Amino acid sequence: MLAATRSVLSRAARAPVRAASTVARAAAAASGSESFGSSAWARGLMFGAVAAAAAGSVAACEAEEESPELASMAIFSGNANPDLAALIAEHVGKPLGSATVGRFPDGEVSVSVHENVRGKDIYIIQPTCPPHVNEYLVELLLMVTTMRRASAEKITVVVPYYGYARQDRKMTSRVPISAADIARLLESVGVDRVVALDLHCGQIQGFFGPRVPVDNLAAARVGVSYFARKVDLENPVIVSPDAGGVYRAKVFREGLNLQTGSDAGLAMIVKQRPRAGVVGQMDLVGEVTGCDCIIVDDMIDTAGTLCKAADLLRAKGARRVYCFASHGLFSGPAVQRISKSCLEKVVVVNTIPLASNAKTCDKIEQLSVAPILGDAIKRIHMRKSVSAMFSGKKVVAAASPAAERA
138 MLAATRSVLS
148 RAARAPVRAA
158 STVARAAAAA
168 SGSESFGSSA
178 WARGLMFGAV
188 AAAAAGSVAA
198 CEAEEESPEL
208 ASMAIFSGNA
218 NPDLAALIAE
228 HVGKPLGSAT
238 VGRFPDGEVS
248 VSVHENVRGK
258 DIYIIQPTCP
268 PHVNEYLVEL
278 LLMVTTMRRA
288 SAEKITVVVP
298 YYGYARQDRK
308 MTSRVPISAA
318 DIARLLESVG
328 VDRVVALDLH
338 CGQIQGFFGP
348 RVPVDNLAAA
358 RVGVSYFARK
368 VDLENPVIVS
378 PDAGGVYRAK
388 VFREGLNLQT
398 GSDAGLAMIV
408 KQRPRAGVVG
418 QMDLVGEVTG
428 CDCIIVDDMI
438 DTAGTLCKAA
448 DLLRAKGARR
458 VYCFASHGLF
468 SGPAVQRISK
478 SCLEKVVVVN
488 TIPLASNAKT
498 CDKIEQLSVA
508 PILGDAIKRI
518 HMRKSVSAMF
528 SGKKVVAAAS
538 PAAERA
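Counting in the working numbering, the sequence shown runs from 138 upward without gaps.
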């Protein structure tokens with residue numbers, strides 16, 4: 138509960154969290170919202186009620202700190218990743234807006250905004266990620282329509298993890314192109330702009346019409362900074378786990394070379410998939426003997442492919458094997474597989490909250506991308522270039538353990 142309440146309170150209002158939550162529960166009970174049940178409260182579905190109860194004190198405490206250019210914007214969060222939303226809002230210098238995103242007694246999503254958004258630029262932070270992908274998607278859609286009907290000037294959805302992204306084309310007959318359908322849904326409810334992080338494939342940006350620009354940010358600089366500062370690499374080689382990820386691996390390699398002055402190599406794994414979710418034969422293109430390898434990917438799901446790739450690299454003579462991936466889903470047996478694997482460390486960013494077993498796994502570390510997303514929001518609001526964040530030859534050191542920033 139504390140993590141959820143922290144996501145809606147400003148720094149000035151964090152101290153009396155328990156008192157505020159008590160007031161919020163009383164207010165919810167009076168309005169009938171308490172029928173959601175204690176389990177819903179524990180899951181953080183009523184975190185917006187805390188913001189509603191504390192909104193007056195938050196506004197009073199933050200009024201003097203807020204810069205004039207931020208007065209015309211508001212940042213809101215759904216239930217998908219409130220901790221990341223709080224870190225982003227803190228980086229921007231704007232407290233999270235007051236809203237309740239909960240459930241009606243029959244399980245339907247309930248959204249209520251407790252402050253004026255007329256004429257404001259609205260930023261909604263909501264990854265459509267596990268464990269409740271569809272619920273989080275509906276929350277996002279209803280938050281957008283609520284803001285639109287409340288006369289918001291512009292609505293930007295910040296979707297650090299874009300759900301359904303892997304269904305980006307028809308591989309067989311009579312299947313949906315879900316990534317495109319989600320884009321059409323967001324566009325139809327009135328989204329003006331989308332900010333994502335390391336989309337599974339770049340063409341998802343084209344699934345939106347020209348009236349809805351998409352900023353596909355990269356988390357590579359966070360991983361580059363981590364390995365440059367915390368790992369003593371010998372003869373580093375950046376490995377792409379498939380042909381589609383070669384460009385991502387090249388960008389990571391260039392950043393690492395710039396930060397460390399090394400001359401990292403590049404390798405690729407060619408794999409055969411007899412069917413979805415099953416990996417057959419794997420072959421290595423490149424030399425890794427005596428090298429420290431970093432597998433760079435956009436996401437880790439069940440970790441089956443990752444662990445097989447690590448085994449292949451070790452069999453080919455790799456000294457140590459690491460992994461950096463933007464999105465750590467860690468579905469099913471993923472954590473158990475990683476724990477038993479030859480991987481030294483698996484580094485992900487905090488687009489998706491870690492499950493409890495992933496948090497306790499010594500081989501898994503999570504970094505924060507709140508500075509990247511926060512900077513993007515500020516640049517969009519100030520009408521500045523977003524691409525300038527990633528241009529030039531300097532890779533900005535932005536890595537920090539998410540646990541230390543929470």
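Beta carbons are placed, not taken as given, at the ideal position from N, Cα and C, and that holds for glycine. Quick caveat: nothing in here was measured; it's all calculated off a predicted structure.
Sub-7 Å separation of residue i and residue j beta-carbons
i           : j           : result
residue 264 : residue 439 : no
residue 333 : residue 296 : yes
residue 506 : residue 516 : no
residue 421 : residue 406 : yes
residue 336 : residue 302 : yes
residue 514 : residue 260 : yes
residue 290 : residue 256 : yes
residue 210 : residue 518 : yes
residue 428 : residue 452 : no
residue 292 : residue 511 : no
Residue i versus residue j: straight-line alpha-carbon distance, rounded
i           : j           : result
residue 479 : residue 457 : 8 Å
residue 287 : residue 459 : 48 Å
residue 229 : residue 400 : 36 Å
residue 338 : residue 395 : 26 Å
residue 350 : residue 447 : 37 Å
residue 528 : residue 342 : 19 Å
residue 222 : residue 235 : 13 Å
residue 311 : residue 423 : 38 Å
residue 473 : residue 241 : 36 Å
residue 443 : residue 243 : 40 Å
residue 271 : residue 372 : 44 Å
residue 436 : residue 378 : 11 Å
residue 252 : residue 233 : 11 Å
residue 492 : residue 481 : 20 Å
residue 370 : residue 354 : 26 Å
Own chain partners of residue i with C-beta closer than 8 Å, once the 5 adjacent residues on each side are dropped
i           : result
residue 389 : 357, 360, 361, 375, 431, 433 and 461
residue 276 : 215, 216, 217, 238, 246, 248 and 263
residue 273 : 215, 216, 217, 263, 264, 265, 266 and 300
Three-state secondary structure assigned by DSSP to residue i
i           : result
residue 240 : strand
residue 490 : coil
residue 462 : strand
residue 163 : Its pLDDT being 39, under 50, residue 163 is placed unreliably in this model, and the value from its coordinates should be taken loosely. Residue state, collapsed to three classes: helix.
residue 445 : helix
residue 473 : helix
residue 527 : coil
residue 499 : coil
residue 220 : helix
residue 314 : coil
residue 293 : strand
residue 457 : strand
residue 193 : Interpretation of residue 193 is limited by its pLDDT of 44, a score under 50 that renders its predicted location unreliable; the figure taken from the coordinates is listed afterwards. Three-state DSSP puts residue 193 in a helix.
residue 373 : strand
residue 504 : strand
residue 210 : strand
residue 299 : coil
residue 343 : helix
residue 436 : strand
residue 421 : strand
residue 404 : strand
residue 480 : coil
residue 258 : strand
residue 330 : strand
residue 353 : strand
residue 229 : helix
Nonlocal neighbours in the same chain, by C-beta distance under 6 Å from residue i, ignoring five residues either side
i           : result
residue 450 : 425, 430 and 458
residue 483 : 460, 475, 500 and 501
residue 402 : 374
residue 471 : 439 and 440
residue 298 : 264, 266, 464, 488 and 489
residue 317 : 344
residue 387 : none
residue 231 : 207 and 212
residue 340 : none
residue 397 : 365
Beta-carbon contacts of residue i that lie in its chain and below 7 Å, excluding the five residues immediately before and after
i           : result
residue 409 : 417 and 418
residue 279 : 246 and 248
residue 314 : 304, 305, 306 and 307
residue 324 : 345, 346 and 349
residue 525 : none
residue 383 : 377 and 405
Proximity test, residue i beta-carbon vs the ligand ZN heavy atom, cut-off 6 Å
i           : result
residue 337 : Within the structure as shown, the ligand ZN is missing, as the structure has no ligands at all.
Test: residue i CB closer than 7 Å to a CB of chain D
i           : result
residue 341 : Of the protein chains in the structure, only one exists, and it is not chain D.
Would you say the segment 460-469 touches the segment 481-498, given that touching needs at least three Cβ pairs under 8 Å? yes
Would you check if there are 3 or more beta carbon pairs closer than 8 Å linking the segment 361-380 to the segment 325-343? no
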